[in-house]
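Notes follow once the structure below has been shown.
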Amino acid sequence: MRTTLIAMAGCLTLTLAACETSASSSGFADDIRGRTWGAEAIGGKDVIEGTRVTLSINEGKVSGKAGCNAYGGPVEINGDRVKFGNLFSTKMACLGDGVMEQEQRYLNALQGVTRGEMRTGGILVLKGSAGDIEFRAE
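So this is what it looks like as structure tokens:
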């Protein structure tokens, strides 16, 4: 009898833990979906004044402005894990010091993203091999 109760308690604990993980996993995705996020910093460098770098995630797709060109593609979110698929972008040449370099740095950083987190103050941070990207909801 005692063994049965211990086994049942263990199963209940695992079941509750699974529910808690499931709820928190969808929480991050729910926080970032359906909004437009404006980048404030890419790889530790502030976004160039006068440029607009955005990110919007809806139904497994990402889209936005990379500073000059529009981009888009697939995205998978599982818990705090984030993976962008092959991204496409328009190919306009843009004037302005560093604008094209910033755009390339941003797109490279997106491709290297492995996870995301929400920080206090409503800041979304995407973390990856090419550096962090910090966003604020627009």
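Using the working numbering, read the sequence shown as starting at 373 and increasing by one per residue.
Using N, Cα and C, we set each Cβ at its ideal position, and we do this for glycine too.
Note that this is a predicted model, so its numbers are computed, not measured.
- Distance check between glutamine 483 and each of Gly503, Met472, Leu467 and Val471 places Gly503 closest, using alpha-carbon atoms only.
- Between threonine 423 and asparagine 441, the C-beta spacing is not below 7 Å.
- Here the alpha carbon of valine 419 sits roughly 15 Å from the alpha carbon of asparagine 480.
- Assignment of arginine 477 by DSSP, reduced to helix, strand and coil, places it in the helix class.
- Counting of Cβ neighbours within 10 angstroms places leucine 427 among the buried residues, the total reaching 16 or more.
- For alanine 442, the enclosing beta strand (DSSP E) starts and ends at 442-450.
- In this structure, glycine 439 places its C-beta atom within 7 Å of the C-beta atom of glutamate 475.
- Its Cα nearest to that of aspartate 452, the residue Gly500 stands out among Phe460, Ala509 and Gly500.
- In the displayed model, isoleucine 404 falls within a helix according to three-state DSSP.
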